[in-house]
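Trainee: Going line by line, the protein sequences match chains A and B. One gets the numbering used here by counting positions in the first sequence from 1 and adding 150 to each. One gets the numbering used here by counting positions in the second sequence from 1 and adding 945 to each. The beta carbon of each residue, even a glycine, is placed where N, CA and C say it ideally should be. All figures in this text were calculated on a predicted structure; none of them were measured in a lab.
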Amino acid sequence: MADGIMTRPDTVGDPQILAERRQAAWDEYRSLPMPTRKSEEWRYTDLAHLDPEAFEHIVDAVVAPEPAATDDLPGAVRDVLAGSDSRGGTMIEIDGGVARLELDSAWVEAGVIFAPIALLAEQRPELLERFLFSSDVAPMERKLWALHVAALSGGYVLYVPENTHIDDPVHIIRWLSRAGVMVSTHSLIIVERGAQVTVIDEFMSEDLEGEAKSLNGVEVFGGDGALVNYLALQRFGAGVKHFSMQHANTPRDCTLNSFNVSLGADLARCDVTSHLLGPGSDSEMLALWFGGRGQHFDYHTLQHHAAPHARSDLLFKGALTDRADSVFRGLIRVDEGAQLTDAYQTNRNLLLSPDSEATTLPSLEIAADDVKCSHGATVGQVDEHQLFYLTSRGLTRAQAERLLVFGFFGEVLARMPVDSVRERMTDAIERKIGI
Amino acid sequence: MSEYLLEVKGVHARVEEEGTDILKGVDLVVRPGEMHALMGPNGSGKSTLAKVIAGHPGYEVTGGEILLDGEDILELEPDERSRAGIFLAFQYPAEIPGVSISNFLRTAVNARRSEDEGDIGVLDFQMALNQKLELLRVDKSFAARHVNDGFSGGEKKRNEILQMAMLAPSMAVLDETDSGLDIDALRIVADGVNTLLEADRSMGVLLITHYKRILEYLKPDFVHVMLDGKIAHSGGPELADQLEEMGYDWLHEPEAAPVGQP
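#1: Does residue 344 of chain A have its Cβ less than 8 Å from a Cβ in chain B?
#2: What are the residues of the segment 1055-1066 of chain B that lie near chain A, defined by any Cβ-Cβ distance shorter than 8 Å?
#3: For residue 1144 of chain B, count the other beta carbons within 10 Å of its own beta carbon; 16 or more makes it buried, fewer makes it exposed. Which is it?
#4: Determine the direct distance from the alpha carbon of residue 519 of chain A to that of residue 1006 of chain B, and round the result to whole angstroms.
#5: Any C-beta of chain B sitting closer than 8 Å to the C-beta of residue 543 of chain A?
#6: Where DSSP assigns a beta bridge to residue 340 of chain A, which residues make up the other side?
#7: In chain order, what are the residue ranges of uninterrupted alpha helix (DSSP H) at least 4 long that sit wholly in the segment 1012-1084 of chain B?
#8: At least one CB of chain A closer than 8 Å to the CB of residue 1039 of chain B: is that the case?
#9: Are the C-beta of residue 566 of chain A and some C-beta of chain B separated by less than 8 Å?
#10: Of the residues that make up the segment 1087-1103 of chain B, which ones have a beta carbon closer than 7 Å to any beta carbon in chain A?
#11: Does residue 558 of chain A get closer than 8 Å to chain B when you measure Cβ to Cβ?
#12: When we look at the beta-carbon of residue 188 of chain A and count the other beta-carbons within 10 Å, is it buried (16 or more) or exposed?
#13: Tell me, please, whether the CB atom of residue 160 of chain A is closer than 8 Å to any CB atom in chain B?
#14: In the segment 991-1019 of chain B, which residues sit with their C-beta less than 7 Å from some C-beta in chain A, listed in chain order?
#15: Would residue 1113 of chain B count as contacting chain A if we go by Cβ distances under 8 Å?
#16: Can we count residue 502 of chain A as close to the ligand COA, meaning its CB is less than 7 Å from some heavy atom?
#17: So if DSSP puts residue 199 of chain A in a beta bridge, which residue, or which two residues, is it bridged to?
#18: Quick one: residues in its chain with C-beta nearer than 6 Å to the C-beta of residue 1042 of chain B, no 5 flanking neighbours on either side, listed in chain order?
#19: Taking the CB atoms as reference points, tell me whether residue 238 of chain A and residue 318 of chain A lie closer together than 8 Å.
#20: Among A:272, A:273, A:365 and A:535, which one has its Cα closest to the Cα of residue 291 of chain A?
#21: Distance cutoff 8 Å, beta carbons only. Does residue 1023 of chain B sit that close to anything in chain A?
#22: Just to confirm my understanding: we take residue 1077 of chain B, look at its own chain, exclude 5 residues before and 5 after, and list those with CB closer than 7 Å. What are they?
#23: Against chain A, does residue 1044 of chain B count as a neighbour if the rule is that its beta carbon must be under 8 Å from one of theirs?
#24: Using Cβ-Cβ distances below 9 Å, what residues of the segment 1067-1078 of chain B are close to chain A?
#25: In chain order, what residues of the same chain have a beta carbon less than 7 Å from the beta carbon of residue 427 of chain A, not counting five sequence neighbours either side?
#26: Closest to residue 533 of chain A by CA distance: which of A:492, A:461, A:553 and A:205 is it?
#27: Pull out every residue of the segment 356-390 of chain A whose Cβ sits closer than 7 Å to any Cβ of chain B, in chain order.
#28: What residue range is occupied by the uninterrupted alpha helix (DSSP H) comprising residue 527 of chain A?
#29: Label residue 183 of chain A either buried or exposed according to how many other C-beta atoms from any shown protein chain fall within 10 Å of its C-beta, with 16 as the threshold for buried.
#30: Distance cutoff 8 Å, beta carbons only. Does residue 538 of chain A sit that close to anything in chain E?
#31: Only counting the same chain, and skipping five residues up and downstream in sequence, which positions put a Cβ closer than 6 Å to that of residue 454 of chain A?
#32: Rank A:233, A:464 and A:440 by C-alpha distance to the C-alpha of residue 423 of chain A and give the top, closest one.
#33: Can you name the residues of chain B whose CB is closer than 9 Å to the CB of residue 168 of chain A?
#34: Is residue 553 of chain A close to chain B, meaning its C-beta is less than 8 Å from at least one C-beta of that chain?
#35: Does the beta-carbon distance from residue 421 of chain A to residue 392 of chain A come in below 8 Å?
#36: My parser needs the beta strand (DSSP E) runs of 3 or more residues fully inside the segment 1098-1182 of chain B; what are they?
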């Protein structure tokens, strides 16, 4: 293990399974070379500065004995709680440690499990044995994934039993409190046959004086006919470098949708993968980002069609201003047997300043011969005809630009499955545009 | 207060970064409550004049003045001209996907309010909007649609008139509002303009058109003909009939001009 590991009070310690996985991951991390910018996958984001030795790792599985009182929570977290309509369940993580965890008693009775990973190892070890860290992680992502597992600070398991529909979203708020730390969190979502749930993972911090790292792994496993909406809202402050690796695994007739919003952090690297493993499976992958300052967003997506008759639809839209830059590198991969695949991939970028830059690299790898696939990408500026039209109605240029940015995002925001989140994100974008 | 609402005096203008003037000394005055029709063949500069009045950044004014209520507006940005009372109904309105008409209009209405007034209340705005929709006999659901996104030609023009109704300009310039409309759409748009004129009898209108067709529904006080970047002739409504009969060619002969200045 790296130096600088901190142990805190209130820890339950690693259960055996976690200790084993951690050690194996650490061995793997050390055996793998650090990806360099010579590889396509890491051409635009330099991992050299990742240097885990330079950060204090928080790697114990902390479970607070008592839930934190609302007054003790950071103000920004309290604000989110006040505006959230997530009566399904709520969890607040502070630097990977669980500060509060609530699940409506009706769902507890229905057999829903919502618990820190470390605690679940005692109650349902077979679930962890079967699912934890079991996603098919691409070779170029493995180094970072191994670090994420080895350095795991905390995380939750959400288990929804067969045919159980959780109507209100389950909301996880992850707060990062200070500079100098590396926090690694995991989301393991298991949704049995015919069950339905919407999960919101929200990442937040204040602007930090110094640097902090956030690693996050997400694994969603659906059962036949299950429906999961997974939302990741990244609203870190300045100073944070965030790495998110998301894997959705869809069997027969299962629908797993993801929605990523990135507004914060200095650097956000986000690998979003849908493994379409069963016939009739479906995945809608949406994302929007708005970058300012010198922010860097790097999105890698994979729509992996391993089964016939599946559909995936990706729409990623980003707007950039100041000196921000973004990368979209998307791949649709259709395996040989995956006939009658429907797969779409669209990335659109809007540049609001001369110093902002967007790179877009959509691609297809198709080994089946009866498929419908399309990809499209654009990088554009605000349209002068639209601007003149709006200003001729009395809007200032700044107001007109703001309206055009909203119009640009509107197509994605309209597909946001949770109304209260749409409103909050609209407000957050509005504040960020700052007009 | 000037006697004139709009004064265009000897205006020369060109497309930015191109060498030759499109407008070559345009003179035109509009008093409050007057409707002027501006006719002329394609490429004579009618639409350029409309854009220059509204402050299109793609045109450079190389000479002359444009006054609104006696104040020079050439130095004003398009949004400032709008707030001063100019309205341009576009020949080709822009499509703004993702932005509802209602959201757009609320932003435009708020842009005209002083800091002291603050933003218009949601209910007040809704009532004002509903009233205009009713006045123009447009279904309420129209305001929830995205601005011109996927609209037919007629719907786009109707949206222009709705905006005009909400923004209540003192001087409206309608740029080929009739082009591309079938007869039913044309009547609806013309009825809308007439309704607004009844509500505000001091509004000035400059109606730019290609065809006499719309003049069966809108009754201008004056008709002007633009040829090669200048007003070549001006007259009363009867000039439109002559143009219909004889085309524009006879106007190239100065001695044939049958109509005096209004």
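Mentor: Quick look at the numbers:
#1: Not closer than 8 Å to any Cβ of chain B, the Cβ of residue 344 of chain A fails to qualify, so no.
#2: 1056 and 1057
#3: Counting Cβ neighbours within 10 Å, residue 1144 of chain B comes out exposed, since fewer than 16 surround it.
#4: Taking the straight line joining both Cα atoms gives about 59 Å.
#5: When Cβ-Cβ separations below 8 Å define contact, residue 543 of chain A makes contact with chain B.
#6: A:309 and A:371
#7: 1023-1029, 1046-1056 and 1067-1080
#8: yes
#9: no
#10: Those would be none; no residue qualifies.
#11: yes
#12: Classification for residue 188 of chain A: exposed.
#13: Because residue 160 of chain A sits at a pLDDT of 49, beneath the cut-off of 50, its placement in the model cannot be relied upon, and the following sentence gives the value as read from the coordinates. By this cut-off, residue 160 of chain A is not an interface position.
#14: Going along the segment 991-1019 of chain B in chain order, one finds 999, 1001 and 1002 with a Cβ nearer than 7 Å to chain A.
#15: no
#16: With respect to the ligand COA, the structure shown offers nothing to examine, as it has no ligands at all.
#17: Its beta-bridge partners do not exist; DSSP assigns none.
#18: 1091 and 1094
#19: yes
#20: A:365
#21: yes
#22: 1107, 1110 and 1111
#23: Yes, contact with chain A.
#24: The segment 1067-1078 of chain B vs chain A, Cβ under 9 Å: nothing.
#25: 399, 400, 401, 456 and 457
#26: Checked all of A:492, A:461, A:553 and A:205; the closest Cα to residue 533 of chain A is A:553.
#27: none
#28: It is not in any alpha helix (DSSP H) - residue 527 of chain A instead sits in the beta strand (DSSP E) that spans 522-531.
#29: exposed
#30: Although the question refers to chain E, the structure presented lacks it and instead comprises the protein chains A and B.
#31: 425 and 483
#32: A:464
#33: Near residue 168 of chain A there are no residues of chain B at all, since even the closest Cβ is about 45 Å away, more than 9 Å.
#34: yes
#35: no
#36: 1116-1120, 1149-1153, 1167-1172 and 1175-1180
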